[in-house]
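Chemist: Pasting a structure below so you can have a look.
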Amino acid sequence: MLDLRLSLTRAQERGVAVAHFNVSELAALKAVSLSARELDVPVIIGVSEGEREFFGVRQIAAVVRSIRDEFDFPIFLNADHTHSLAKAVEAAKAGFDAVAFDGSALSLEENASMTRHAVEQLKSINPKILVEGEIGDIGTGSEVHDTVPDLSKSLTTPEEAAQFVESTGIDILAPAVGTLHGMFRIAPGQVPPRLNIELIGKIKAATGVFLTLHGGSGTADDEFTRAIGAGINIIHINTELRIAWRRGLEEGLAERPNDVVPYRILPHALEAVKQVAMARMRLFNGRA
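Residue 385 is where the sequence shown ends in my numbering, and the numbering goes up by one at each step.
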């Protein structure tokens with residue numbers, strides 16, 4: 098039986114991280130699953146509330162489950178950035194392997210209370226489901242930012258992390274350690290955001306749970322490598338895939354301006370996404 102907790106434990110023992118890719122349609126899902134199978138590494142498919150609404154909650158769960166069953170390889174499904182208990186329960190009942198419950202916009206106390214309630218409800222539906230909690234500010238969306246904000250004031254402290262994990266019973270923690278959702282358009286003279294590697298190590302030591310790095314798109318390779326060494330277990334990539342998907346689609350449309358057959362146009366998007374996914378999974382698994 099393929100199991101997400103076991104896959105994360107094995108990755109942690111090997112000093113590597115599991116890639117988490119958000120997808121919005123089947124070509125991207127196919128690209129990611131093909132990449133993971135070729136490299137023979139586990140992968141997590143993430144779908145946000147908006148992506149789940151577009152796909153259909155039960156539909157995306159059924160598709161991922163069918164891929165896992167047919168090819169017998171560790172592909173898992175996460176309900177990413179879930180803000181309500183109702184949406185979290187819906188995902189658990191559909192068979193998702195994990196739920197990222199996001200109460201980070203609330204006060205730490207309110208966030209802990211809601212997340213603890215979510216853990217209790219979700220574990221009652223499926224004792225094996227993994228529940229992630231999030232504290233700190235890492236933004237939202239897939240925007241390409243023109244300016245680099247000061248992220249130092251929104252970082253998670255080891256004390257906050259330890260208290261949050263203890264009071265909620267989560268399996269996975271997503272702390273704010275220097276990333277932001279989206280990507281940055283770095284102007285000459287600007288310094289891109291840097292991960293606080295020392296902070297990651299302290300949070301890992303203080304909590305002992307699996308750690309997720311959100312907002313990974315655009316982060317330098319050496320930063321990823323150091324973050325994994327400090328204790329990061331899951332790395333989220335979304336904006337990079339979306340940009341690749343769009344560029345590939347535009348190339349397909351330009352190459353076939355009069356074609357209206359999707360399966361002759363979409364392979365360009367699939368291949369573009371696959372190149373990004375392959376590169377990231379090689380890096381996260383120490384094969385770059």
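Using N, Cα and C, we set each Cβ at its ideal position, and we do this for glycine too.
Bear in mind that the values here come from a model prediction, so they are computed numbers and not experimental data.
Among the candidates R213, M375 and D356, whose CA atom is the shortest distance from the CA of R134?
Modeler: For the purposes of this step, residue 134 is taken as residue 37 along the sequence shown, with counting starting at 1. Of the candidates R213, M375 and D356, the one whose C-alpha sits nearest the C-alpha of R134 is M375.
Chemist: Along the alpha helix (DSSP H) that carries D318, what are the first and last residues, could you check?
Modeler: Start at 1 with the first residue of the sequence shown, and residue 318 comes out as number 221. Note, D318: alpha helix (DSSP H), D318 to A327.
Chemist: Consult DSSP for F193 and reduce its assignment to one of helix, strand or coil.
Modeler: In the sequence shown, the residue the question calls residue 193 occupies position 96. The answer is coil: DSSP assigns F193 none of H, G, I, E or B.
Chemist: Consult DSSP for G233 and reduce its assignment to one of helix, strand or coil.
Modeler: Numbered from 1 along the sequence shown, position 136 holds the residue referred to as residue 233. G233 falls in the coil class under three-state DSSP.
Chemist: So which of E347, L182, R384 and R361 has the shortest CA-CA distance to Q218?
Modeler: Locating residue 218 in the sequence shown gives position 121, counting from the first residue. For the residues E347, L182, R384 and R361, the minimum Cα distance to Q218 belongs to L182.
Chemist: For L310, which three-state DSSP category applies?
Modeler: The residue labelled residue 310 in the question sits at position 213 within the sequence shown. Correct three-state label for L310: strand.
Chemist: Should the segment 170-190 be regarded as contacting the segment 323-330, the criterion being three or more beta carbon pairs within less than 8 Å?
Modeler: no
Chemist: Between E368 and the rest of its own chain, which residues show a CB-CB distance below 7 Å, the 5 nearest in sequence each way excluded?
Modeler: For this step, residue 368 is matched to residue 271 along the sequence shown. Here the set comprises G345.
Chemist: Can you find a CB in chain D that lies within less than 8 Å of the CB of V262?
Modeler: Going by chain labels, chain D is absent from the structure shown, which holds only one protein chain.
Chemist: S104 to V154, Cα distance in whole Å?
Modeler: Position 7 of the sequence shown holds residue 104. Position 57 of the sequence shown holds residue 154. Their Cα atoms are separated by approximately 24 Å.
Chemist: Using the beta-carbon count (16 or more within 10 Å), is D166 buried or exposed?
Modeler: Position 69 of the sequence shown, counted from the start, is the residue given in the question as residue 166. Burial call: exposed.
Chemist: Report buried or exposed for V216, applying the criterion of at least 16 other Cβ atoms within 10 angstroms of its Cβ.
Modeler: For the purposes of this step, residue 216 is taken as residue 119 along the sequence shown, with counting starting at 1. Buried.
Chemist: Going by the DSSP bridge assignment, what does P272 pair with across the sheet?
Modeler: Here residue 272 refers to the residue found at position 175 when the sequence shown is read from its first residue. Answer is I232, bridged to P272.
Chemist: Can you find the residues in the same chain that come closer than 8 Å, C-beta to C-beta, to S221, ignoring five residues on each side of it along the sequence?
Modeler: To locate residue 221, count along the sequence shown from 1; it is residue 124. Cβ within range, chain order: n/a, list empty.
Chemist: Following the continuous beta strand (DSSP E) through I222, name the residue where it begins and the one where it ends.
Modeler: Taking the first residue of the sequence shown as position 1, residue 222 is located at position 125. Note, I222: premise wrong, no beta strand (DSSP E); alpha helix (DSSP H) at L205 to I222.
Chemist: Taking DSSP's pairing of strands, which residues face L227 in a bridge?
Modeler: To locate residue 227, count along the sequence shown from 1; it is residue 130. L227 pairs with A195.
Chemist: Can you find at least 3 beta carbon pairs, one from the segment 356-368 and one from the segment 142-151, that sit closer than 8 Å?
Modeler: no
Chemist: Should A185 go down as buried or exposed, given a rule of 16 or more other Cβ atoms within 10 Å for buried?
Modeler: The residue labelled residue 185 in the question sits at position 88 within the sequence shown. Burial call: buried.
Chemist: In three-state DSSP terms, what is F170?
Modeler: Numbered from its first residue, the sequence shown carries residue 170 at position 73. Looking at F170 - three-state DSSP - the assignment turns out to be coil, as it is neither helix nor strand.
Chemist: Ends of the alpha helix (DSSP H) at G298?
Modeler: Here residue 298 refers to the residue found at position 201 when the sequence shown is read from its first residue. From DSSP, the alpha helix (DSSP H) with G298 extends over I294 to T304.
Chemist: Can you have a look at L296 and say buried or exposed, based on whether 16 or more other CB atoms are within 10 angstroms of its CB?
Modeler: Here residue 296 refers to the residue found at position 199 when the sequence shown is read from its first residue. Burial call: buried.
Chemist: With distance defined between alpha-carbon atoms, name the residue in G328, K371 and P359 nearest to I340.
Modeler: The count along the sequence shown starts at 1 and reaches residue 340 at position 243. Ranking the options by Cα distance to I340, first place goes to K371.
Chemist: Could you tell me which residues DSSP puts in a beta bridge with N382?
Modeler: The residue you call residue 382 lines up with position 285 of the sequence shown. Note: N382 sits in no beta bridge, so no partner.
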